[in-house]
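Have a look at the structure below before the remarks.
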Amino acid sequence: AFRQMEKDEL
Amino acid sequence: MNIFRLTGDLSHLAAIIILLLKIWKSRSCAGISGKSQVLFALVFTTRYLDLLTSFISLYNTTMKVIYIGCSYATVYLIYMKLKATYDGNHDTFRVEFLIVPVGGLAFLVNHDFSPLEILWTFSIYLESVAILPQLFMISKTGEAETITTHYLFFLGLYRALYLINWIWRFYFEGFFDMIAIVAGVVQTILYCDFFYLYVTKVLKGKKLSLPA
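Chains as they are written, first to last, in the working numbering: chain A, 906 to 915; chain F, -17 to 194.
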């Protein structure tokens, strides 16, 4: 995956 | 969540709390760059707008609220309550030289041309250079209080730990975000000079003074 769809990082 | 990201977040939280307590207890913001703190408040504001649109976890929401709350409280102390102790003569970095290029870059290089994504990208790029006014101020005054160096150490350490977190997540989850990684590398590199002084001076009980 190029980038996690969900932004789960602060 | 992995140990590197968790310790990174706790290191970031420690930095924010150390600074707020230092200013509050000493009733003074001498040696602290108000411009950097305004930039950090802007970083959190533009990055955490998703507080209004999506819920990820209690931890995620709690930390975001704490970061935003503490950063605005710090700006309030510097520019309002303890304004008399603000050393504006040494806090002269031209932040427009940061905000304009970062704003332009966020429009040019992003994952998705939507308002939330552009603001998130702006926030990531801005965070990587937000400490420059503070480092510039220390180079102008030629010294920094020891508590300020601890603040900077934890602040620099947090993104360094995030770099390891991204290596971990790439290896185990196949996840990576090139924008966050490149900005994080730049951000951590900007601290290298300070890290060297911190380890060779402050950890040996000396005061941090420049030129080294």
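Don't be surprised by glycine CBs; every beta carbon is placed ideally from N, CA and C.
Checking the sheet assignment: what are the DSSP bridge partners for residue 190 of chain F?
F:126
Please confirm whether residue 197 of chain F and residue 48 of chain F have their CB atoms less than 8 Å apart.
The requested residue 197 of chain F is not part of the displayed model; chain F covers only -17 to 194.
Considering only the beta carbon of each residue, do residue 142 of chain F and residue 21 of chain F sit closer than 8 Å?
no
Give me the subset of the region 32 to 44 of chain F whose CB atoms are less than 7 Å from a CB atom of chain A, sorted by chain position.
32, 38 and 42
Cβ atoms of residue 84 of chain F and residue 114 of chain F: under 8 Å apart, would you say?
no
8 Å contact criterion, which residue 42 of chain F and residue 915 of chain A should meet: CB distance rounded:
7 Å
Contacting residues, own chain, Cβ-Cβ under 7 Å from residue -10 of chain F (five flanking each side not counted)
140, 143, 144 and 147
So for residue 2 of chain F, helix, strand or coil by DSSP?
helix
Look up residue 158 of chain F in the DSSP assignment and say whether it is helix, strand or coil.
coil
Between which residues of its own chain and residue 129 of chain F is the CB-CB distance below 6 Å, once the five residues before and five after are set aside?
4
Three-state class that DSSP yields for residue 60 of chain F in the structure shown
helix
Of the residues F:-3, F:161, F:179 and F:-7, the one placed nearest residue 53 of chain F, counting alpha carbons only:
F:-3
Tell me whether residue 16 of chain F sits in a helix, a strand or coil according to DSSP, three-state version.
helix
Given a cut-off of 8 Å, decide if residue 190 of chain F and residue 131 of chain F are closer than it, judged by their beta-carbon atoms.
yes
Is residue 141 of chain F close to chain A, meaning its C-beta is less than 8 Å from at least one C-beta of that chain?
no
Grouping DSSP H, G and I as helix and E and B as strand, with all else coil, what is residue 9 of chain F?
coil
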